[in-house]
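Step one of this worksheet: look at the structure below.
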Amino acid sequence: MKSILRLVLNGRTREDAVSDRSTLLDYLRAVAGLTGTKQGCDGGECGACTVLLDDAPVLACLTLARRCEGKRVETIEGLAPGGRLSRLQRAFHERLGTQCGFCTPGMIMASEALLRRNRNPSDAAIRDALSGNLCRCTGYVKIIESVKTSAAAEP
Amino acid sequence: MTAAMPGFRLVTPRSLAEALAARAADPLARFLAGGTDLLPAMARGLVEPETLIDIGMIAELAGIAVDGDRLRIGAATTLARLQADALVARHAPVLASAAATVAGPQHRTAATVGGNLCLDTRCVFYNQSQWWRRANGFCLKREGTVCHVAPTGTRCHAAFSGDLAPAAMVLDASVEIAGPGGRRIAKLCELYRDDGAAPLCLGDEELLVALHVPAASGWIADYAKSRVRGAIDFPLAGVAVALRRSGDTLAGLRVALTGTGSRPFRLAGTDAEIGHGVDDAALERLDKLVQKQVSPMRSTMTPAHYRRRVAAALTRRLVRRLFAEAAQPPMRGGGATAPQSEMKP
Ligand SMILES: Cc1cc2nc3c(=O)[nH]c(=O)nc-3n(C[C@H](O)[C@H](O)[C@H](O)COP(=O)(O)OP(=O)(O)OC[C@H]3O[C@@H](n4cnc5c(N)ncnc54)[C@H](O)[C@@H]3O)c2cc1C
Ligand code: SF4
Ligand code: FES
Ligand code: FES
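Chains as they are written, first to last, in the working numbering: chain C, 310 to 464; chain E, 2 to 346.
Structure (structure tokens):
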């Protein structure tokens, strides 16, 4: 069954017809056309699909789209309006926190959720916030450095 | 996996009565809380509900409050909230430490207390895709006739792997259950039975409403688990310990385990340690007690004898550490193992 879903996606209100079985990940990639959110395992194991739901990090592949009714959803595209990278994104770029890039949108959204709660996180807090995200390339060290660099650059 | 997500109808009741009515109206309906266990299971064809009843909008299932001499935690409370809640930190910090070990932070934003307590049992032959299971001839728990873990037996040995249950059990917690016949309260231990194919003593039409944690003055508790990876991983064995110390001896000791059999359970026989100190001999006795009562089977990639031994080792370490900590003055501001205070409404 399809029904109308109304939500605020990256700051803009949208209305779309979505089916009950549609996950937020399906909705973002296939309906909204935002393919920055990656489909890694599609089963809740890897964190590649991490987006923010009312500022909290969630797995889009384990969230039914219809349960986002009336909520704010933010994806990696939302961090770079007009294509201008955010401080956090620039830090991942400059500190080599990204290699193949597949885990990166999820890593950045999980980090973004942390930095909104805690502007000056310890290493342990960063590791904890990213403990739900897998990366096959970087070995994590550079990712943690990237988040630290971004936090240190806060005005 | 997206392609495999079966069709279903999603309904969102606003009251408990509506949720129970929706369940009674549809024998193939399931309650949906955080969905972090149910949705992956559906994508793998392990459950095929025609209707999902979203219980996330029911006020009665939400919130954490002190109610007389107990803490009442609504079943739809998320694990992220449990980790951060001030009342939990004060009265039942072991629940926060156990919650912090569940899956990853993104799961915990959505995952709930009720879903964690009602988690399906797990097995390496079961938590697989439909085609994997078909290629293996399915198994007793679903669609098949043979258990690949114990082929000569007639029961399923899939392991209960929720982290919260043991932590709540050492606090002597109860669950409030609503069903077509009204409300009932049961000890959390009584929610489980030793059958991997049907691990819950909960009617199909019944719903967990809240977890009740009685005041536990003077007890100190913590939870530890062993797992393959340091995060996003179920326990190979999980142990919760609560103890009370009086001078140089134990005045109370409760141990509960998860991940080592089809149900989480309270270790029997710990009262024999009351009145004794915690020395090597006492720890050795506890080690034996654990090894005797756990029943890990070949349901994980990690061998069963490892899970048996690690369960005993975790118990020894926790008891030793908590007994030492109990001798110290209470930490200010709480913390995972701070002695739990008397509840005042
Ligand atoms: C990669 C991964 C790693 C994980 N690691 C862990 C881990 O380390 N430890 C752990 O404990 N869990 C783990 N989980 C499982 C799961 O995320 C948690 O157990 C979570 O707490 C389940 O809660 P939920 O609200 O998401 O449950 P749901 O998926 O919504 O529900 C689970 C089951 O409980 C039933 N249910 C839910 N609420 C109620 C209620 N109030 N009354 C009656 N029945 C109810 C549902 O019908 C369903 O059968 C993991 C999951 C994944 C995907
Ligand atoms: S223990 Fe046996 S019956 Fe149960 S899920 Fe595993 S293989 Fe299947
Ligand atoms: S795609 Fe969602 S966790 Fe892997
Ligand atoms: S950069 Fe390739 S998976 Fe992380």
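All residues carry an ideal CB built from backbone N, CA and C; glycine is no exception.
Listed along chain C are 353, 368, 371 and 441, each with a C-beta nearer than 8 Å to that of residue 108 of chain E. The Cβ neighbour count for residue 409 of chain C, taken over all protein chains shown within 10 Å, is under 16; the residue is labelled exposed.
For chain E, none of the residues of the region 379-397 of chain C brings a beta carbon within less than 8 Å of one of its beta carbons. In the three-state scheme derived from DSSP, where H, G and I count as helix and E and B as strand, residue 382 of chain C is classed as strand. In terms of side-chain proximity, the C-beta atom of residue 36 of chain E is found no nearer than 7 Å to any non-hydrogen atom of ligand 3. Residues of the region 403-417 of chain C with a C-beta less than 8 Å from any C-beta of chain E: none at all. Taking 3 residues as the shortest admissible run, the region 343-424 of chain C contains the following complete beta strand (DSSP E) segments, listed from N- to C-terminal end: 359-362, 365-368 and 381-383.
One finds nothing in chain E with a Cβ atom closer than 9 Å to the Cβ of residue 432 of chain C; even the nearest lies about 14 Å away. If you look at residue 188 of chain E, you'll find it in the beta strand (DSSP E) that goes 183-188. For residue 341 of chain C, no chain E residue has a C-beta closer than 9 Å to its own C-beta; the minimum C-beta separation is roughly 15 Å. Distance from the CA atom of residue 368 of chain C to the CA atom of residue 414 of chain C, rounded to whole angstroms, is 12 Å. Residue 179 of chain E sits in a strand when the DSSP states are folded into three classes.
Remark: C-beta atoms of residue 371 of chain C and residue 40 of chain E approach each other more closely than 8 Å. Per DSSP, residue 456 of chain C is not a residue of any beta strand (DSSP E); the alpha helix (DSSP H) it occupies stretches across 450-461.
Between residue 260 of chain E and residue 287 of chain E, the CB-CB gap reaches or exceeds 8 Å. With its beta carbon less than 8 Å from one in chain E, residue 330 of chain C belongs to the interface. Exclusion of the five residues before and after residue 382 of chain C leaves 316, 317, 318, 319, 333, 337, 360, 361 and 362 as the residues of its chain whose Cβ lies within less than 8 Å of its Cβ. Put simply, the CB of residue 11 of chain E is near chain C, with a gap under 8 Å to one of its CB atoms. With a threshold of 16 other beta carbon atoms within 10 Å, residue 142 of chain E meets it and is buried. A distance below 8 Å separates the beta carbons of residue 100 of chain E and residue 165 of chain E. Counting the other Cβ atoms within 10 Å of the Cβ of residue 223 of chain E gives 16 or more, which makes it buried. Secondary structure note for residue 324 of chain C: its beta strand (DSSP E) is the uninterrupted segment 321-328.
Residue 98 of chain E: member of the alpha helix (DSSP H) spanning 94-100, first to last residue. The alpha-carbon separation between residue 227 of chain E and residue 126 of chain E amounts to approximately 21 Å. DSSP, read as helix, strand or coil, puts residue 224 of chain E in strand. Nearest neighbour of residue 268 of chain E by Cα position, chosen from E:246, E:173, E:24 and E:32, turns out to be E:173. Chain C has no Cβ within less than 8 Å of the Cβ of residue 236 of chain E. At a cut-off of 8 Å, the C-beta of residue 232 of chain E has a neighbouring C-beta in chain C. Burial state of residue 433 of chain C is exposed, judged by a 10 Å Cβ sphere holding fewer than 16 other Cβ atoms.
Residue 193 of chain E has its Cβ no nearer than 7 Å to any heavy atom of ligand 2. Neighbours of residue 356 of chain C in chain E, taken as residues whose beta carbon is under 7 Å from its own, are 105 and 107 in chain order.
Secondary structure in the region 34-74 of chain E: the alpha helix (DSSP H) runs of 4 residues or longer, each lying completely within the stretch, are 39-44 in chain order. Burial of residue 220 of chain E is indicated by the presence of at least 16 other C-beta atoms within 10 angstroms of its C-beta.
In this structure, residue 411 of chain C has its CB closer than 7 Å to one or more heavy atoms of ligand 4. Under the 8 Å criterion on CB atoms, residue 111 of chain E is classed as interfacial with respect to chain C.
Any Cβ of chain E closer than 8 Å to the Cβ of residue 428 of chain C would place that residue at the interface, and such an atom is absent.
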